[in-house]
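Enquirer:
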Amino acid sequence: MVGSGQVAEFGFSNPDVPRLGVEVVDFAALAARLPAQTLATVHRADFHQLFLVTGGSGVAMVDFVDRPCSAGTLLHVAPGRVLRLPSTGVDATVVLFTADFPPRLDGAAALLGSFGPVVRTVPLDELTTAVAELAVEYRRAVRGPDAVTVDLLRHLLAAVLLRVARLAPADGPGHDPTFQRFRHELERSFAETRNAADYAARVGYSLRSLNRACQAATGRTAKALVDARVTLEAKRLLAHTDLPVAAVGHRLGFTEPTNFGKFFTRETGNTPGAFRAAERAWAR
């Protein structure tokens with residue numbers, strides 16, 4: 001774990017088998033080994049976190065959006081996303097894994113990508129069985145990892161991920177090629193431009209066509225999605241770092257601090273300073 005400002009950042013570290021890129025652990029056991037402050041504050045990790053909730057209830061916060069969790073909730077936190085863990089009243093199996101541990105899975109690419117869905121409601125019977133099989137082989141690896149067991153873990157994890165991906169068909173509006181190209185360009189360029197017409201030109205479509213694709217996938221215009229992505233990054237920087245507010249704005253392409261302040265307040269209802277203070281209050 002490496003501190004960043006007042007918020008923790010975690011790199012993957014398997015306490016059972018140091019070189020193994022997956023861990024399967026009960027949420028209660030995971031919570032017990034973490035400092036109380038980590039449970040109460042926002043942090044982010046450079047690995048995937050999959051929570052299959054089997055009982056109890058609580059609220060997790062992912063990228064500053066509260067996510068209620070109860071039996072049948074599957075929470076996926078992709079690398080780099082901001083997380084505040086749910087309360088310890090949640091019963092869940094947690095699968096932590098590095099991006100390179102599972103084999104290449106074209107069928108689960110949308111699930112594992114930066115834009116994948118955070119929360120799903122899933123059939124517990126099917127997924128509990130698949131995750132239980134993964135847990136059995138994980139315990140075998142803890143007793144003594146060998147090449148066959150590690151390969152089996154990779155493929156059992158792949159089976160879990162593909163079962164999850166199958167719950168949302170890949171031909172939905174969110175998988176429209178126009179929208180996909182826009183999302184990837186947005187991820188590359190959100191700190192360079194907030195002009196929706198620039199994105200339309202970069203992906204090779206008219207602004208009208210781009211807006212149509214965005215609205216079909218999300219119900220929002222391209223401009224609204226651009227502003228939301230910039231706002232999210234601003235929240236991450238304000239929560240994760242001690243950068244002055246003006247420096248946060250500059251990093252996101254605002255030449256004038258006052259313009260950044262107006263933008264952030266319009267999008268969130270709070271000033272950057274007030275948002276930072278509220279997030280830091282969790283640490284006290």
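Quick note, the sequence shown lines up with residues 1 to 284 if you use our numbering. Virtual Cβ for every residue (Gly too), placed ideally from N, Cα, C.
Do you know whose CA, among V136, D63 and P35, lies nearest T239's CA?
Expert: Residue numbering aside, residue 239 sits at position 239 when the sequence shown is read from its first letter. Looking at the sequence itself, residue 239 is Ala, so the reference to Thr does not match. Per the Cα distances, D63.
Enquirer: What is the C-beta distance between V24 and T93, in whole angstroms, given that I count them as a contact (C-beta under 8 Å)?
Expert: Position 24 of the sequence shown holds residue 24. Position 93 of the sequence shown holds residue 93. At roughly 7 Å, the Cβ-Cβ gap stays under 8 Å, so V24 and T93 are in contact.
Enquirer: Alpha carbon to alpha carbon, what distance is there between L232 and A213?
Expert: Reading the sequence shown from its first residue, position 213 is the one you call residue 213. Reading the sequence shown from its first residue, position 232 is the one you call residue 232. Between A213 and L232, the C-alpha separation is close to 22 Å.
Enquirer: Are the beta-carbon atoms of E133 and L156 separated by less than 8 Å?
Expert: Start at 1 with the first residue of the sequence shown, and residue 133 comes out as number 133. Start at 1 with the first residue of the sequence shown, and residue 156 comes out as number 156. It is a contact, given that the beta carbons lie within the stated cut-off.
Enquirer: With L74 and L127 assumed to form a contact (beta carbons below 8 Å), what rounded beta-carbon distance in angstroms separates them?
Expert: Counting from 1 along the sequence shown, the entry for residue 74 is found at position 74. Counting from 1 along the sequence shown, the entry for residue 127 is found at position 127. Their Cβ separation, rounded to whole angstroms, is 7 Å, which keeps L74 and L127 in contact under 8 Å.
Enquirer: So what's D151 in DSSP terms, helix, strand or just coil?
Expert: In the sequence shown, counting from the first residue as 1, residue 151 sits at position 151. Residue state, collapsed to three classes: helix.
Enquirer: My output table needs one value for E9: the three-state DSSP class, helix, strand or coil.
Expert: As a position in the sequence shown, residue 9 is number 9, starting the count at 1. Of the three classes helix, strand and coil, the one that applies to E9 here is strand, per DSSP.
Enquirer: Given a threshold of 16 other Cβ atoms within 10 Å of its Cβ, counted over all protein chains shown, does P44 qualify as buried or as exposed?
Expert: As a first step, residue 44 must be located in the sequence shown, where it is residue number 44. Here residue 44 is Arg; the residue named in the question, Pro, does not match the sequence. Answer is buried; the Cβ neighbour count reaches 16.
Enquirer: Below 8 Å on the Cβ atoms is my guess for R229 versus F190; work out the distance and round it to an integer in Å.
Expert: Stepping through the sequence shown from its first residue, residue 229 is reached at position 229. Stepping through the sequence shown from its first residue, residue 190 is reached at position 190. At roughly 5 Å, the Cβ-Cβ gap stays under 8 Å, so R229 and F190 are in contact.
Enquirer: Got a sec, what are the start and stop residues for the alpha helix (DSSP H) F254 sits in?
Expert: Position 254 of the sequence shown, counting from 1, holds the residue named residue 254. From DSSP, F254 is part of no alpha helix (DSSP H); its letter is neither H nor E.
Enquirer: Pick out the complete beta strand (DSSP E) segments inside the region 26–88, 3 residues or longer, and give them in chain order.
Expert: Complete beta strand (DSSP E) runs here, min 3: 43–45, 48–62, 65–70, 73–77 and 82–84.
Enquirer: What runs of the alpha helix (DSSP H), each 4 residues or longer, lie entirely inside the region 183–239?
Expert: Segments of the alpha helix (DSSP H) lying fully in the region 183–239: 196–203 and 207–218.
Enquirer: Is DSSP giving R120 helix, strand or coil here?
Expert: One-based indexing of the sequence shown puts residue 120 at position 120. R120 falls in the strand class under three-state DSSP.
Enquirer: Starting from A99, follow the beta strand (DSSP E) in both directions and report where the run begins and ends.
Expert: Numbered from its first residue, the sequence shown carries residue 99 at position 99. Where A99 is concerned, there is no enclosing beta strand (DSSP E), given that its DSSP letter is neither H nor E.
Enquirer: Determine the DSSP secondary structure at D242, reduced to helix, strand or coil.
Expert: Taking the sequence shown and counting its residues from 1, the one referred to as residue 242 is at position 242. Here D242 sits in coil by DSSP.
Enquirer: Could you check what DSSP says for A278 in three-state terms: helix, strand or coil?
Expert: Here residue 278 refers to the residue found at position 278 of the sequence shown. In this structure, A278 counts as helix in the three-state DSSP scheme.
Enquirer: Reducing DSSP to helix, strand and coil, say where V160 ends up.
Expert: Within the sequence shown, residue 160 is the residue found at index 160, counting from 1. If DSSP states are grouped into helix, strand and coil, V160 belongs with the helices.
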